[in-house]
Amino acid sequence: MENRIKTKKIDDCIWLMDDNGEATGYLVCGEKKAAVIDTMNGIANVHAVVREITELPLTVVNTHGHCDHIFGNVYFNCDCFLHPNDAEIAAEHTGFPEFVKFCKENKLKMPPFKPINDGETIDLGGLTLEVISLPGHTPGEICLLLKEKRILFTGDSINHHLWMQLEESLPLRIFLENLNRISWVTEKADRILHGHAQGFDDISLFDELKSGIKELIETKGKGNIRHSKEYKWFGGIAKQYPFDGDGSVICYCDEKLD
Ligand SMILES: [Zn+2]
Ligand SMILES: [Zn+2]
């Protein structure tokens with residue numbers, strides 16, 4: 045089978061890995077170690093893909109516990125880090141019958157997660173990743189700041205199509221507080237790489253999203269300029285609120301506005 049993961053070098057030390065347009069992972073190579081940030085859907089052997097690029101010792105960091113970010117962990121036997129507040133979601137997704145069957149058929153096993161917390165750093169040799177906790181999309185979502193390169197990996201927490209309608213997503217008011225708490229990060233990063241991206245976004249996306257959420261909370265989705273629309277997804281019908289005038293939306297349901 046041709047590998048469905050396509051890689052693209054996007055900086056001198058960073059590769060973007062596109063899993064069939066469904067999820068994006070990243071490989072960051074330091075002088076001594078390499079980090080795999082999110083392992084995507086697990087259908088293709090992401091470890092083999094990484095090994096075509098580097099022979100460095102590896103560390104896996106999952107930005108959160110959703111299946112499209114963790115399933116590829118099955119191909120790794122190194123440390124796989126996840127914030128403990130997402131352990132429950134990861135366990136739930138790992139138990140999806142189709143995935144259990146896939147692992148059994150392919151003799152694959154999900155390695156245990158190691159906890160990682162806010163403020164911890166991963167030293168790759170000349171490059172440092174700092175963990176920044178950002179509960180919202182999920183309770184244990186983290187961002188990773190690649191300090192020397194001024195790049196922020198945001199998983200599913202800051203993007204153009206934010207999912208906050210999920211059962212496990214926090215109320216929007218709490219997410220806004222959490223964004224405010226880490227707003228210092230806009231001084232430390234110039235660019236964003238999120239978990240479904242095809243390339244860089246400007247760090248201005250952080251503030252655009254933050255103002256969008258504030259506006260949504262204040263207007264309850266019935267602003268003078270912007271209004272919420274219906275949003276159909278596989279879990280049912282939610283709402284979507286536009287936030288940057290360029291097609292970006294925050295998906296949510298009314299309970300998240302309380
Ligand atoms: Zn997610
Ligand atoms: Zn995702």
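Residue numbering for the sequence shown follows my numbering, starting at 45 and increasing by one per position.
Glycine included, C-beta positions come from ideal geometry on N, C-alpha and C.
Coil, strand or helix - residue i by DSSP
i       : result
Lys-32  : With the chain covering 45 to 302 only, the question about residue 32 has no answer from this structure.
Ser-177 : strand
Leu-196 : strand
Asp-246 : strand
His-110 : coil
Asp-251 : helix
Ile-294 : strand
Leu-260 : helix
Ile-87  : coil
His-322 : Within the shown structure, residues of the chain are numbered from 45 to 302, placing residue 322 beyond reach of any answer.
Thr-182 : coil
Thr-98  : coil
Lys-153 : coil
Leu-223 : helix
Ile-49  : strand
Distance, residue j Cα to residue i Cα
i       : j       : result
Lys-191 : Asn-47  : 32 Å
Leu-178 : Ala-233 : 16 Å
Leu-189 : Asn-129 : 19 Å
Trp-59  : Val-72  : 7 Å
Asp-251 : Trp-228 : 11 Å
Lys-153 : Cys-147 : 6 Å
His-223 : Thr-51  : First, the amino acid is wrong: residue 223 is Leu here, not His. Rounded to the nearest angstrom, the two C-alpha atoms are 31 Å apart.
Lys-53  : Lys-266 : 42 Å
Asn-268 : Lys-151 : 56 Å
Asp-162 : Trp-277 : 31 Å
Glu-96  : Gly-169 : 20 Å
Asp-56  : Lys-193 : 10 Å
Ala-67  : Ala-78  : 20 Å
Ile-133 : Glu-212 : 8 Å
Ile-166 : His-137 : 26 Å
Assigned exposure category for residue i - 16 Cβ within 10 Å defines buried
i       : result
Asp-63  : buried
Pro-183 : buried
Asp-112 : buried
Glu-185 : buried
Ala-88  : buried
Val-144 : exposed
Gln-242 : exposed
His-238 : buried
Pro-286 : buried
Asp-200 : buried
Gly-279 : exposed
Phe-140 : exposed
Gly-65  : exposed
Distance between beta carbons of residue j and residue i, contact taken as under 8 Å
i       : j       : result
Phe-125 : Val-94  : Not a contact, Cβ separation roughly 16 Å.
Leu-253 : Leu-206 : 7 Å
Lys-264 : Leu-301 : 6 Å
Ser-272 : His-204 : About 17 Å separates the two Cβ atoms, so there is no contact after all.
Ile-176 : Ile-247 : Not a contact, Cβ separation roughly 13 Å.
His-240 : His-181 : 12 Å between Cβ atoms; not a contact.
Identity of the residues DSSP links to residue i by a beta bridge
i       : result
Thr-103 : Ala-79
Pro-159 : Leu-126
Ala-67  : Asp-63
Glu-274 : Lys-283
His-238 : Gly-199
Asp-55  : Ile-58
Pro-266 : Checking the sequence shown, residue 266 turns out to be Lys, not Pro. DSSP lists His-271 as partners of Lys-266.
Asp-167 : Thr-172
Val-72  : Ile-58, Ala-79
Heavy atom of ligand 3 within 6 Å of residue i beta-carbon
i       : result
Gly-239 : Although ligand 3 was asked about, the structure shown includes only ligand 1 and ligand 2 as ligands.
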